[in-house]
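Let me begin by presenting the structure, written as structure tokens, before commenting on it.
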Amino acid sequence: MDSSPDTTDTTRAALLLTNRLVRLDAEPLTAREFWGLVGRVDPGRLFHHDAAAIAEMAGVAHDDAERFRTLLDASTALSFEQERLLDGGIRLISALDEQFPAGLRAGLGSACPPFLLDAGPLPALDTPGLGIVGSRDAGDDTLDVARESARLAVAHDWPVVSGLARGVD
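As numbered in the numbering used here, residues 35 to 203 make up the sequence shown, in order.
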């Protein structure tokens with residue numbers, strides 16, 4: 035398995051548009067926004083265009099196109115973060131990458147996460163497992179339940195998927 039980040043325009047744009055790893059002045063696309071955009075245009079086609087062209091190509095308002103442009107311009111910062119993650123054994127994988135678990139994408143549809151942080155074998159995600167969806171504002175009791183659930187799932191050799199929930203990942 036190749037551990038280097040996929041650099042095709044489509045997967046790169048998908049990662050940039052949903053980037054939650056590098057702080058920017060633009061909010062990343064939510065899963066619903068991302069899949070809606072993918073239904074209208076290949077995200078890779080948005081590179082090298084100004085906001086006016088992005089608005090026309092993607093069928094979005096000019097403010098959203100400006101937001102997309104800001105997110106797409108963070109390629110260098112995201113590359114540095116990907117390198118840092120890779121040094122720790124973690125890969126960032128776009129939902130549009132051929133390595134992304136097809137069953138996860140098919141099963142969740144427009145609720146599928148646009149990317150995964152992977153530190154293990156991806157085929158494990160096609161087996162029974164546990165997904166933890168949390169809130170950045172979750173209380174200590176809620177986080178304790180999520181951590182204990184993850185611990186029990188791992189004890190049963192189930193893969194555990196978490197969505198960057200504070201205090202759980």
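Don't be surprised by glycine CBs; every beta carbon is placed ideally from N, CA and C. Here the structure is a predicted model, which is why all the values come from computation and not from measurement.
- Item | For R74, the first and last residue of its enclosing alpha helix (DSSP H) | Element bounds for R74: 65-74.
- Item | For P155 and T44, the rounded distance between their alpha carbons | When rounded, the distance between both Cα atoms is 23 Å.
- Task: Take the Cβ of P286 as the centre, count every other Cβ of all protein chains shown within 10 Å, and call the residue buried at 16 or more, exposed below.
- Result: Here the chain has residues from 35 to 203 only, and residue 286 is not among them.
- Message: Does S38 come out as helix, strand or coil in the three-state DSSP assignment?
- Response: Confidence at S38 is low in this model, with a pLDDT of 42, below 50, so the placement of that residue should be treated as unreliable; the coordinate-derived value is given next. Coil, per DSSP.
- Nearest-angstrom Cα separation, counted from A87 out to P77: For P77 and A87, the distance between alpha carbons rounds to 13 Å.
- Item | C-beta contact flag for L50 and L112 at 9 Å | A contact, by the Cβ cut-off of 9 Å.
- Going by alpha carbons, who is nearest to D59 out of Q116, T42, G173, R103? If we check each option's Cα against that of D59, R103 comes out closest.
- Item | Which residues DSSP lists as bridging L151, in chain order | DSSP, once it has assigned bridges, lists L126 as partnering L151.
- If A129 and R139 are in contact, beta carbons under 8 Å, what's the gap, nearest whole angstrom? Cβ-Cβ separation between A129 and R139: approximately 6 Å, consistent with a contact (criterion under 8 Å).
- Near R66, what residues of its chain come up, given a Cβ to Cβ distance below 8 Å and the 5 sequence neighbours on each side ignored? Within the same chain, Cβ atoms closer than 8 Å to the Cβ of R66 are found at S144, A145, the five residues on either side in sequence being excluded.
- Query: Is the CB-CB distance between L119 and L80 below 9 Å?
  - Reply: Their beta carbons are not under 9 Å apart, which means L119 does not touch L80 by this criterion.
- Task: Helix, strand or coil for Q133, going by three-state DSSP, please let me know.
- Result: Correct three-state label for Q133: coil.
- Query: So, helix, strand or coil for R185, using DSSP?
  - Reply: Here R185 sits in helix by DSSP.
- Query: Helix or strand or just coil, what does DSSP make of D107?
  - Reply: Three-state DSSP puts D107 in coil, outside helix and strand.
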